[in-house]
Amino acid sequence: MTKVERAAARRGGKRSGPPEPEFVQLLTPEGERVSHPDYSVDFTDDELRGLYRDLVTVRKLDAEATALQRQGELGIWASLLGQEAAQVGSGRALRKQDMAFPTYREHGVLYCRNIDPIMPLGLFRGVDQGGWDPVAHRFNMYTIVIGAQTLHATGYAMGIVKDGKVGDDDETSEAVIAYFGDGATSQGDVNEAFIFGSVYNAPIVFFCQNNQYAISEPLERQTRIPLYQRAAGFGFPGIRVDGNDVLATYAVTRAALDNARHGQGPTLIEAYTYRMGAHTTSDDPTRYRVASEVEAWQAKDPIVRMRKLLEKQGIADEAFFAAVDEQAKVEAVALRERVLSMPDPDPATMFDHVYPNGSPLIDKQRAEFESYHASFEGSH
Amino acid sequence: MIMETLTLGKSLNLGLRRAMEDDSKVLIMGEDVGKLGGVFRITDGLQKDFGDERVIDTPLAEAGIVGTAIGLALRGYRPVVEIQFDGFVYPAYDQIVCQVAKFHYRSRGKVSLPMVIRIPFGGGIGAVEHHSESPEAYFSHTAGLKVVACSNPSDAYWMIQQAIASDDPIIFFEPKRRYWEKGEVDTAAPLSSAYPLHSSRVLRSGTDATLLAYGPMVRTCLDAATAAAEDGRNLEVIDLRTLSPLDMAPVFESVRKTGRAVVVHEAPGNIGLGAEVAARISEECFYSLEAPVLRVTGYDIPYPASRVEEEFLPDLDRVLEAVDRSFGF
Chain W
0 MTKVERAAAR
10 RGGKRSGPPE
20 PEFVQLLTPE
30 GERVSHPDYS
40 VDFTDDELRG
50 LYRDLVTVRK
60 LDAEATALQR
70 QGELGIWASL
80 LGQEAAQVGS
90 GRALRKQDMA
100 FPTYREHGVL
110 YCRNIDPIMP
120 LGLFRGVDQG
130 GWDPVAHRFN
140 MYTIVIGAQT
150 LHATGYAMGI
160 VKDGKVGDDD
170 ETSEAVIAYF
180 GDGATSQGDV
190 NEAFIFGSVY
200 NAPIVFFCQN
210 NQYAISEPLE
220 RQTRIPLYQR
230 AAGFGFPGIR
240 VDGNDVLATY
250 AVTRAALDNA
260 RHGQGPTLIE
270 AYTYRMGAHT
280 TSDDPTRYRV
290 ASEVEAWQAK
300 DPIVRMRKLL
310 EKQGIADEAF
320 FAAVDEQAKV
330 EAVALRERVL
340 SMPDPDPATM
350 FDHVYPNGSP
360 LIDKQRAEFE
370 SYHASFEGSH
Chain C
28 MIMETLTLGK
38 SLNLGLRRAM
48 EDDSKVLIMG
58 EDVGKLGGVF
68 RITDGLQKDF
78 GDERVIDTPL
88 AEAGIVGTAI
98 GLALRGYRPV
108 VEIQFDGFVY
118 PAYDQIVCQV
128 AKFHYRSRGK
138 VSLPMVIRIP
148 FGGGIGAVEH
158 HSESPEAYFS
168 HTAGLKVVAC
178 SNPSDAYWMI
188 QQAIASDDPI
198 IFFEPKRRYW
208 EKGEVDTAAP
218 LSSAYPLHSS
228 RVLRSGTDAT
238 LLAYGPMVRT
248 CLDAATAAAE
258 DGRNLEVIDL
268 RTLSPLDMAP
278 VFESVRKTGR
288 AVVVHEAPGN
298 IGLGAEVAAR
308 ISEECFYSLE
318 APVLRVTGYD
328 IPYPASRVEE
338 EFLPDLDRVL
348 EAVDRSFGF
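Line by line, the protein sequences are chains W and C.
Here the first sequence is numbered in the working numbering, starting from 0 and rising by one per residue.
Here the second sequence is numbered in the working numbering, starting from 28 and rising by one per residue.
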């Protein structure tokens, strides 16, 4: 076979697919604790139970939001089902002073940042555009444009360096985490963020949740190498972690954040996981993936394995699991009730906050709008 | 009062310097802005005096420059971004119109992005393609951005400082063909005494017709008014200065007086700023008009090869011809 033929065969031939992923894992799907030479965690029993509670709660809240969408109460919903461990593990690894830049699916991280879970539902219901204070909660607004936020995160991290907030003091030095998906790695913005992060040695963790699909397009349409290996070309380390393992995700993220805050620059983390549901409630995953694949990933469920661990270690009993389920249910019911009572905004408020310093054009349009609506009979 | 005779380019340089002296949070970012001082030398000497932490040579990536500037603004800095040429802003277009323009709105006022994006714009310097464009309509059309264009050294000096001091994100257009033209600048006055940023300004009073322009075409219109005066026509010239929001009050006042208006810009006319200005004049001054509002603009073609750009760009004769047409009604 000539060189040209070999190249053609490589291009045209069916790829064997990515090799079985090698990743950092501390908890197997069977609930076995395993060790890793570079990463470890040392949680108390209480903390382990807390992680389990987080996982269950964010899944339950997410399921409630999906149900609300099916009942017409939300315009759309981007479910995190299957990605709970990646989000809770990384979200709990953040220190209070760290800043997170999410996409639109990081409901689990949002929960870990102590933001009321009702907040993103306003966005998806269409009554607001996400109501939390990004500065106070150290969790930026959801970003719909794919990958755009990685640059904002990088610039923010560059500012941390300018402020002299990189150093060995874990209580005052800061780091940034930027969330994005496998599809986003194809975006120019993400690659530019890698370049800026690298050349300015910014304290940033690029956290890619590789959930295997960008809507319907499989990973093979985004890359021919494992995503974490991209980092080498930009000059910083990349690491793949079992994204369905909350312990490993926590350990790897905490280490990368610490490296960043201590002045060692960016890390790309590829959390290898799977989106169990649709991309959003508007798509149909049965058109583009097979049931056997979904079943294989079900066997790697992040919550089941954590429950097995707690059972094996004898640190949680049936009463605990029942109580966690019940509490999550209570929160979900409360969420439902609050969503249903979310008022539509006063239409005139759509003119608010276009510019910090206002604009005569908008002032005029608002006045005309209000005058027009006041002209209807019975209006007041 | 300390009047200095400065080029427009030097005025911008001094304005940037003064803004950096006044506020340690002001940063300058862009390709070649540091040691080189920018391809037009607008940032000349600033890195030497303020250091490379404040005057930042960036990777060659426009989306990256604007996107990271957003993050720096979120962190409390006031980035001033230089886009090297008008035609290079498009890779950053998404970051500008989807992100810069909307952060304040999306956050319901909790977050502001006090950033300035400087764009040398327009033709007339004999450059190759992508180096002579007039993209102002794209940004003026986007809510959340404020867009201004300076036309003379004094405005350049003050407007850049006002833009940097503003919490609104501002697209700042600089007429590159006028960088070397000189004018008087009072460099000692306080910033608060400067003419308001988002205001159009009557530069020459007249009674017979109103010429409306911004950026590079202001000089052309002033020259046209001088030439018209020799023929006995007394033209008023207004520098719009602010493209979004447009400051129309002085325009309406002028058109009610003169009854005729001609809008002049280098950008293609189709769906351009001139169309908006003409429409607003029609809505507000219909009964004062002696003739339809006319436009003199670039043609609706990609910016042509430089050997024919003088035919593309509105010049004194085309402006005067339009004034003649106005009087023909």
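C-beta atoms are modelled at their ideal positions from N, C-alpha and C, and glycine is treated no differently.
In this text the structure is predicted, and so the values were computed from the model without any measurement.
Taking C-alpha atoms, which residue in the options lies nearest to residue i?
i	options	result
C/Glu136	W/Ala373, W/Ala366, W/Gly377, W/Met349	First, the amino acid is wrong: residue 136 of chain C is Gly here, not Glu. Measuring from the Cα of C/Gly136, the nearest candidate turns out to be W/Met349.
W/Arg306	W/Phe22, W/Val23, W/Gly30	W/Gly30
C/Ser219	C/Met186, C/Arg231, C/Ala256, C/Leu347	C/Met186
W/Asp300	W/Gly90, W/Glu83, W/Ser215	W/Glu83
C/Met142	C/Glu156, C/Thr169, C/Gln189, C/Gly153	C/Gln189
W/Val23	W/Thr279, W/Asp351, W/Asp244	W/Asp244
W/Leu246	W/Tyr227, W/Ile224, W/Ala270	W/Ala270
W/Lys59	W/Arg137, W/Gly262, W/Leu309, W/Tyr110	W/Tyr110
W/Ile117	W/Phe100, W/Tyr371, W/Leu339	W/Leu339
C/Gly91	C/Met30, C/Tyr120, C/Leu267	C/Tyr120
W/Met140	C/Ala46, C/Glu31, C/His131	C/His131
C/Arg345	C/Phe354, C/Arg322, C/Tyr222	C/Arg322
W/Ala347	W/Leu79, W/Lys311, W/Glu367, W/Leu226	W/Glu367
W/His372	W/Ser89, W/Gln211, W/Asp345	W/Asp345
C/Val174	C/Tyr206, C/Tyr241, C/Lys203	C/Tyr241
W/Thr184	W/Ile361, W/Tyr38, W/Arg223, W/Glu170	W/Arg223
C/Phe313	C/Pro277, C/Pro331, C/Asn297, C/Ala288	C/Ala288
C/Ser159	C/Thr269, C/Thr214, C/Ala236, C/Pro243	C/Pro243
W/Leu50	W/His136, W/Thr248, W/Gly163, W/Val160	W/Thr248
C/Val291	C/Ala276, C/Thr234, C/Leu270	C/Leu270
C/Arg260	C/Ala276, C/Ser232, C/Met275	C/Ser232
C/Val212	C/Arg204, C/Tyr222, C/Lys203	C/Tyr222
C/Ile275	C/Trp207, C/Glu257, C/Gly301	Here the sequence assigns Met to residue 275 of chain C, which means Ile is not the residue at that position. Considering only alpha carbons, the answer is C/Gly301.
C/Thr169	C/Phe148, C/Val155, C/Val127	C/Val127
C/Ala164	C/Asn179, C/Val155, C/Phe148, C/Glu156	C/Phe148
In terms of residues, what are the limits of the alpha helix (DSSP H) holding residue i?
i	result
C/Asn40	35-49
W/Asn190	187-198
C/His131	130-133
C/Phe77	73-77
W/Gly158	147-161
Assuming residue i contacts residue j (C-beta within less than 8 Å), just tell me the rounded distance between them.
i	j	result
C/Leu101	C/Val138	7 Å
W/Gln208	W/Thr285	Wrong, their Cβ atoms sit about 22 Å apart, outside the cutoff.
C/Glu199	C/Ile144	The question names Glu, yet the displayed sequence has Phe at residue 199 of chain C. About 7 Å; that satisfies the 8 Å criterion.
W/Ala77	W/Leu120	Not a contact, Cβ separation roughly 11 Å.
C/Ala254	C/Leu238	At roughly 12 Å, the Cβ-Cβ gap does not stay under 8 Å, so C/Ala254 and C/Leu238 are not in contact.
C/Ser315	C/Ile265	C/Ser315 to C/Ile265, Cβ: 15 Å. No contact.
W/Gly154	C/Thr95	3 Å
W/Arg239	W/Glu21	7 Å
C/Leu33	C/Thr70	Actually they are not in contact, since the Cβ atoms of C/Leu33 and C/Thr70 sit about 16 Å apart, beyond 8 Å.
C/Gly325	C/Leu340	7 Å
W/Asn356	C/Ser193	6 Å
For residue i versus residue j, is the C-beta spacing smaller than 9 Å?
i	j	result
W/Val251	W/Pro28	no
W/Asp257	W/Ala331	no
W/Gln221	W/Gly182	yes
C/Leu39	C/Ala183	yes
C/Cys177	C/Leu35	yes
C/Ser281	C/Glu263	yes
W/Pro265	W/Phe179	no
C/Gly61	C/Gln111	no
W/Val55	W/Asp316	no
W/Ile80	W/Arg274	As written in the sequence, residue 80 of chain W is Leu, which differs from the Ile given in the question. It is a contact, given that the beta carbons lie within the stated cut-off.
C/Glu338	C/Gly150	no
C/Ala216	C/Ser353	no
C/Arg105	C/Val53	yes
W/Met157	W/Tyr199	yes
W/Leu267	W/Pro217	no
C/Asp342	C/Thr214	no
C/Gly286	C/Glu317	yes
Which partner residues of residue i appear in the DSSP bridge assignment?
i	result
W/Glu170	Answer is none; W/Glu170 lacks a bridge partner.
W/Tyr212	W/Pro217
C/Ser271	C/Val174
C/Ile144	C/Val108, C/Ile198
C/Glu31	C/Val212
C/Gly325	C/Pro295
For the beta strand (DSSP E) holding residue i, just list the boundary residues, first then last.
i	result
W/Pro207	Note that residue 207 of chain W is Cys in the sequence shown here, rather than Pro. Per DSSP, W/Cys207 belongs to the beta strand (DSSP E) from 203-209.
C/Met56	53-57
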